[in-house]
Each structure stands twice: as C-alpha cells, then as structure tokens.
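Let me begin by presenting the structure, written as structure tokens, before commenting on it.
Chains as they are written, first to last, in this note's numbering: chain R, 933 to 1271; chain A, -3 to 365; chain X, 902 to 1298.
See below:
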C-alpha cells in the first residue's frame, strides 16, 4: 500500500521533527517572534492597555527574554490564557515560555512536566472582603461565599484552609480575574481570594478601593515564577539567566539608563563586565551573543525598575517590595551570580 | 317589510350584517368568542400590561444615552445605561483589529453583501458570474482579514466582536454544506467501509456537545499534530465548528435524500449516468430543495453557537462584553451587554428564518409529500 | 497501484478492474480504509511522540487521588478529601440533575406553548409566537448569562432576603428552603403512596376491561387521584405529620440548615428549559395541526366529549409525529447543559473536564472521559425514546 508507506514516512518525519523541536531557541529565532503565555488580564502584571499593547510586570519578563534572544523586546506575541489553559498551551508547543503569576509546586514541576525559572515574585494567598461586614480575620469567614479562580493553587489552598480550621464555605467557581471582579462587585460572593498581589491589583480596580480590606492572614506560600517545558535545557537556561540577570542588575546598580554606557567599555567591576559581555562572552554558553543581558536590561530595566513601574508603591496597585526586596535590603531576592 | 320575489339564482348579493364584519366582529371572533377565550384575553392583556411599560421605561424612557461611567448614568436615569455600549461600540464591532486596517474589515463586509445577492435572489443580474464570486468570497475575505501576499498580516488573536461572529459563522456555513453533503452521500453509500466511517463520524459529532469539541481543539488537538507545527487557535476552532455543523447538516440532507424514490436513481442508472452524474443532476437538486428548511435551521444553530467560543477565550461580542464589564467604570451593567448582543443575534437569525420561509414558498412545486 | 500505470498491457487490467463495479468498490474501499488508517496512525504517532518529548504518559491513576478542591453543590457526600473519581460522579449527577429537571420543565412549558400557539384567541396566539421567536433566535448561552446576571443582581443579599412565610428565603446566594427529615411513621405514608400507584395501574386496566365488556365507564382519573394523592395525604395528617422540616435561618454570612438551590443551578435550569420549550412548542403545534380536522369532527359526530377527543383521537396520533423531534430536543438540552461552565455550575465539563483536568494536567484522559460520558448519555436517551416511540406505535395499531 502506497498510502501506509507514506504514513510510515510521515511518522518517521514527525520523529525527526520531534528531535528538532527540542531546540526552542532555533524555533524562536527562525520565527522571529517569542510566544509568551500570560494571563487574560491582571492589572500591573499583564494586561492590554487602551491601545491593545500588553503592559505589566510579567510582560516585562517576556520582553526581556525576547530582547535577549531576538534583539527586540517588541517581538513578542502574547498568548492570553485562563488558569485552565496555560499549561496546555505551553506543553503543546503553542507557547515558548510562560510568565503568568504561576506558583511553583512539585506536582507542576514533576507531573505537569514544567521547568520553573527563578521566582520573580514571592506571594501568598489572601482574602479581600467588604469593610462594612466587619470581618477582621479569615477565621471569621464561616459560611461565607468565596469567589475562587478554578485551576489555580489557590483553589487547593482554600479547601485546605477551611478544612484545617473546620469552618464551612461556599466556593463560587470563576474562570478569570475579570469574572472574579464582576462576581465580587455584583455581590455574588462575600470574599474574593487569590494571591495577595492579585488582590491588591483587583482592589485598585474597584469602584471605591477604600470600601474593601485585605485580611491579614496569608494562608499559603506562592512563589510565582516563569516556566518552560521539560526537555530543552538550553532554553530553560536562557529563561533562568535572563531572570537572574534582571535581579543581578538591580543589585549591581545597572539600570535602563546607564546600561549602554556601562556596556560600551569594560569597567572596574568584573561582575558587571561579565554580565554585559565586555570582559568575557557569557552569552555563548546558552547559545546567545555577548550582548544578551545588555539588550534585556535596555528593554525593560532592572528588576526594581520594572517593579516600581508596574506594581510598586507609586502605582495604582501600590505593592511594597516586602519579601521581594533584594537580600541586602531585607528581602529574600537572592539571584545566583553570573560567572 | 315588503316581500320581494326573485327569480332563483338572481338574488342580489347583500352585504353581510354589520355585526359580522369590521373590527367589532373581528374582536368578538378572535378575542371574546367564549368564556375561556375571554379569560385568555384578560390574562394576555394583563401580561402585556405588566411587561410592556417597565420594559419600555427601561429601554428608552429611563435610559441614559450619554455619560462617563456607570455613576453618571445612574445619576441621570434608573434604566438602561446605553452610554456603555456607545463607548465600546467599536470594540464590539472590530475587537482588537488594528485601527489603521479596519477598512479591510469594512471592505470584506461590503463584499459579503455583494456575494450574498446572487445566492439569495435568483433574479439577480449576472447571476452565474456572481455565484462564482460567492464561492471565491470566503477565500478573498480570509486574505483581506488575515493579510499576507502584499497586505500586512494581522494576527487572528486580534479578531473579535461581531466581526469574529461573522467570520466563524460564514466559514462554518460555507464549508459545512459541502462536507455535510459528502457525509450524507457516504452514509447512503453501499460501500460498507465508507458507510461505517460516515455513520460513526456523524453519530459521534451529534452525541457530544460543541463545547467539549472546542475544549478538545484548545487543549488536546495540538498533541495530535506533528511536533513543532503551530496551529492558530482560531483556525482550530473553525475546523471544529465546521466538522460539528457538517455532522448535523449530513443528517438534514439524509432526510432529503431518503425522500427521493429509488426509481429515480434506477432510471438514471439505466440511462447510463455515472454515480456522480446522477447525484449531481438528479438526486441532489431535489434532495437539497426538500431539505432547505432544515439546512437553514442548521445554519441558524451554527450561527448562535458561535457564542460558545468565549469559553475557550476568543473574544466574540459576548466575550468583549464580559471583558468590558470588568472595567470598574462599568461593572454591573451585564444586562445591557447581554440585551445588546441578543438584539444583534435576534435580527440576524430571525432574518435567516424569514428568508427560509420565503424560499420554501417559492420552491414549492407540488413535490411535498 | 500507481506503479502499475507505467506499462501498457497492465493498464488494460487496471482499466478493466476499474470498470467492473464490484472490483471498483473494493478498490475504493481499500483506498479509503488505508487513508483513514493512515490518518489515525499519523495522529496517534504524533500524540505518542509529543507526549514522549515532554515525558508524559497516559494513565487513569489520577482518578483515585484526592481531588483537593471543593464543590458547592453536590448530591452525594463530597469533600476536598474525596477522589477525583468521586468529583467526576458529583459532576455527572449534577449534569443529570439539571438535565432531568430541564426535560420536565421544558416539556410542560413546551406543550403549553404549543397549545397557546393553536389557541383561537388572537392575542394569546401572537404572544406565544413572539415569545417563541425571541427565544429561538437568541443563543442559549446568552439566555443563561442573562438569567444568571438578573438573579445575582436583582435578588437581595442574605441579610435582606425575600422572606416567604418564614420558611423559605430567596437571596442571590441561593434559594433556601426547608429540608425534610423523616420519622419512622413517614414510611407508612410512603408505602401508601407506592400502593396507590400500583392500585391505579391495576384499576386502569380493570376499568378498561369493564368498559370493553359492558360499556360501563368509571371516573378512572378521580379514583386514581384519590388513591395516589388523597389517601397518603389523609394518612399523613392522621399520623400527625411525621416529617420534621428543618427551616433555614440566617447565621453569619448565609442561611444555615435546610436545603439550598444555588443561583447557578436555577439560572441554568430555567434558561435551558425555556429555550428548549420554545422549540418543543413549535414541534407540538406542528404535530397537532398535522392531524386533520376530519378526525376530530368524526369523533365529535360519534358523540365524544372535547376532552375525550383530545385524549383518544388527537393526542395519540400527534404524539407519533411529536416524539422523534422531541427526542432530539431532549438530547440538545442535555448537551447544552455543558454550558454550565460559563456560570460556574459544577457539571461534568466543570469537574472532570475542568478543575480535575487542570489540577492534574491530564488533558487526554479527562477530555476522553468527558466525550465518552456525553456519548453514553446521548445513546441512552435516544434508545429510551426509540423504545417509547415503538411502544406508542404499537398502541396505535
């Protein structure tokens, strides 16, 4: 049979295609565009502005990777996903890299076959509630209706929390943050629960933010970070070191404004020289050129600059650095050195 | 009271008694003919009384047509806040299609009307030429909207709003009819393997909800493709929608095929016509004519089902509306959004069903059995 | 086969084979089979290599692991410690619940609409027409969302609940109604009820026989009504109301105790029913108007009353026309219940095809289960309706 023969050929071809696919870097460079998986919209982290341009803290990491790999932070195609579709989109090869307020957990790492990049935001799950209800602690929430995004770790933490404290609740399942806002402001639920950062961003977007409080309890650890598929170590390294480079840049005082000047000639600080490629070519180790970190920092600034621009105290979201300060400043942000 | 004698058959026609004609008689016959009827009339009037005035108030009299945000609307009036729809109207129409390329959407829409005329009216001038254009239209419009070959490409992720509804609806309609015909013929075929395949395909499609197929398209399908192929989400959805409605289409057409007596096919055979000739010249024209109401109903169903794409994250008008509702300027105005979208769907679907009635009457040639 | 074309004498064989009807059909089928097989082979091959490349396998072990998520409405005991399998059962039951209630309400409203459409009263007739056209031409998802929006926004919060006689409370968190708990004596009432059903079945047959033999006519309906409803109700009060109703009361955020019907269920149920009812209405109208007037007139000439004309002449014949399209409406309703996910009602798609899929990352397995479940439902409903269809056909003869 001719046809079955051709099927065998096709299957063989697909096998070779598979080995070729492992090289995500080449795919991205050939395509000239990075497919980055983000949320459908969490103000400050990733949301389209009035002109449809994606902006936010997570978006900056996408742009930094695109700048390092493709030389242009604008060459990113954003794939908005719900909590449910994000990993499928990544695993099926539709997305190259994911920056989507995603909590690193063992099962996601091992069972969902993801490789997590360094944490870019240390978070924890909190509760938001109307002030007028007079609730001051999450333990008083017995019997409340709680809006919860399905497909997230928060859904599991919530079940655990109420179970441990032996109190009851009614879960109101929603798919996206927008639905959460609609349901919460429409009074379908008393409480909205998600990562504290997301709550701050949601609260800022409400009609009268001062009418809502975020309860003091943080019921979980939520280390949020980017992720890539299992099986392509080179691509994983690129993602990992771009994130580390942005954090190290803040530590070393490299900013969007001074990075080009620092990169023009080797300076006194060997750490800076190594990172910016003026002394040695670190980029070659991950299949990039020497200027990779320069472009990444030039595109979005260092970690602190991006933080302040999108979610810091001077923005609508108004998050403090807290745990996310550098280790020198009392936080736990401690990036591995580039050497 | 004089008595007159008339020759039989020459009695002049007298007007009916005045209480048997005119509005009074009509009211008596249609509204008040029996006690039960009177009760029904009273109930209906009461129903209208409680429904119409509040609806009118909400829609027009108490509605706010301008305003910056929800509070501005509420300050003016208690009814609908159409200012919201007004502000987002472009978003509802074009989705996130880039501003400078929107002429392409408009042009496609105009071409759509041009392409529809020869299909809908058989007295349209230059019909045979027009029909060729109609067949080419989906491809021309696809090129215009997606770009490439000289036009700047627009990623399909920026499609949205009514435009997306039309894209999915028209593609589904254009491709599901031919595939449906093939499936129906396959199901009637006397080649067992082809028959088994068509039957199982049709029954599978009809046995599961569209939403699960869309989930398959968005979560599972990419595993079945050669690694590294990147298949546009909209394209995957279109394929699923086409397959879904062709399953239903096949059943509708099968009904038409079954109504054609076997003698016709045998007569065609004895005249030496090949299978495809006899199908094309004899069976299908009759079968399709009989199935027109069913075909149009399938189209309407398909068109309505395009709303389901919001569940997998495409932004049709409903999706745009829901996304807009999370803007805190406008939260809580869900009713306005849903009613606005409902009006759009009602107008298009009602139009389609009226057209199908018109066609049915026109094609009525006494073949009805 | 393509190689064969190259040489001349063989072409004759090919064309002879091709022109022979039998062989041709075999050839076409072999090619078709090979193409289909190749297609599936290709797909499966892709899936295997894709899954391999990220190191995933296919197994159903995840079903026996704890689900770790909560579900707001469940017909069986369920908590976050239960397994994913149990979560799936909860989803199936929720789908069935809304489908069964939906079919009942849709049938009732649909028949009512069909009758109103046939009404001689112009106003009623046109009202039914406008209603049917509006409902049929707007997507069902919109109906669901609209109704859900109205319930959530228009109904009050629990603390201002609409109080129905201090026993039931309407809020936007759900409808809180008393839940019964049964005392032992209640089972006597239940027993009487079941006995009443059996009695009425026997009595209907008996009355039929008597009527066939002697022409004597019993008021079957009233006697049966008394046996099924009247006696148990009487017994209920004589035995001193052996049901204790637990009445919901406001505690903290929500009402506690009693039963609660969530707005998601109500929105889905009502919207699906009203949507399907519009289609059923048209089917019923078409079915009844297909029965020619002559039949009713003939029956009237025989001296049958209006009710008996409907019961004995029109409805049995109309049902034969109505049942097949009615079946597909029931199927549609069941399939449309999958839209539950749009408002967060936890049906099959939202549990196994939603949260479970998500938390375990088992897309292949979960989606396959969901598809198989719906196929099973469709098969069951259509075979039941086919059976029923055959039965009423037999009655006809």
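Where a beta carbon is used, it is the ideal one built from N, C-alpha and C, also for glycine.
Because the structure is a prediction, the values reported are computed rather than measured.
- Straight-line spacing of the CA atoms in residue 176/A and residue 193/A works out to 14 Å.
- Boundaries for residue 1102/R: no alpha helix (DSSP H) harbours it, while the beta strand (DSSP E) harbouring it runs 1101 to 1106, taken from the DSSP string.
- With its beta carbon less than 8 Å from one in chain A, residue 1034/X belongs to the interface.
- Listed by position along chain A, the residues whose Cβ is nearer than 7 Å to that of residue 1020/R are 215.
- Collapsing the DSSP output to three states places residue 1146/R in a strand.
- A Cβ-Cβ contact shorter than 8 Å links residue 1149/R with residue 1058/R.
- Contact check between the segment 994 to 1014 of chain R and the segment 1223 to 1232 of chain R: three or more CB pairs, one atom from each, fall below 8 Å, which counts as touching.
- DSSP lists 1152/X as the beta-bridge partner residues of residue 1155/X.
- Boundaries of the beta strand (DSSP E) harbouring residue 1078/R: 1076 to 1081, taken from the DSSP string.
- Between residue 1236/X and residue 1075/R a beta carbon distance of about 35 Å is seen, past the 8 Å cut, so the two are scored as non-contacting.
- Distance check between residue 1160/R and each of 1090/R, 1173/R and 1100/R places 1173/R closest, using alpha-carbon atoms only.
- By the criterion of at least three beta-carbon pairs nearer than 8 Å, the segment 314 to 329 of chain A is not in contact with the segment 229 to 246 of chain A.
- At least 8 Å separates the beta-carbon of residue 1160/X from that of residue 216/A.
- Excluding sequence positions up to five before and after residue 1185/R, its CB lies less than 6 Å from no other CB in the same chain.
- Contact of residue 158/A with chain X by beta-carbon distance below 8 Å is absent, the smallest such distance being about 13 Å.
- The beta-bridge partner set that DSSP reports for residue 1057/R consists of 1127/R.
- Secondary structure of residue 99/A (DSSP, three-state): helix.
- Per DSSP, residue 1158/R is one residue of the beta strand (DSSP E) stretching across 1154 to 1161.
- Per DSSP, the beta-bridge partners of residue 980/R are 986/R.
- Relative to residue 1131/X, the option among 1090/X, 1214/X and 1118/X whose CA is nearest is 1090/X.
- Proximity of residue 1080/R to chain A, defined by a Cβ-Cβ separation below 8 Å, is not satisfied.
- Listed along chain R, the residues sitting closer than 7 Å to residue 328/A by beta-carbon distance are 1117 and 1118.
- Three or more Cβ pairs closer than 8 Å define a contact, and the segment 1150 to 1170 of chain R falls short of that threshold against the segment 1183 to 1199 of chain R.
- Straight-line spacing of the CA atoms in residue 236/A and residue 212/A works out to 9 Å.
- DSSP places residue 1146/X in the uninterrupted beta strand (DSSP E) bounded by 1144 to 1147.
- Judged by beta-carbon spacing, residue 1071/R lies beyond the 8 Å limit of residue 1109/R, meaning their Cβ atoms are not closer than that value.
- Around residue 1230/X, no beta-carbon contact reaches into chain A at under 8 Å, the shortest distance being about 12 Å.
- Residue 967/X is bridged by DSSP to 984/X.
- Under the 8 Å Cβ criterion, the segment 1110 to 1121 of chain R does not count as touching the segment 1083 to 1099 of chain R, having fewer than three qualifying pairs.
- In this structure, residue 51/A and residue 79/A do not form a Cβ contact; the two beta carbons are roughly 19 Å apart against a cut-off of 8 Å.
- Here residue 1182/R is buried: its Cβ has 16 or more other Cβ atoms, across all protein chains shown, within 10 Å.
- Scanning chain R for C-beta atoms nearer than 8 Å to the C-beta of residue 1058/X yields 1119, reported in chain order.
- Remark: fewer than three beta-carbon pairs, one from each stretch, lie closer than 8 Å, so the segment 1006 to 1019 of chain X and the segment 1201 to 1211 of chain X are not flagged as touching.
- Judged by DSSP secondary structure, residue 1095/R falls within the alpha helix (DSSP H) whose first and last residues are 1085 to 1096.
- Identification of chain R residues near residue 1256/X by a Cβ-Cβ cut-off of 9 Å yields 1016, 1082, 1083, 1087 and 1105, ordered along the chain.
- In the structure shown, residue 210/A adopts helical secondary structure according to DSSP, grouped into three states.
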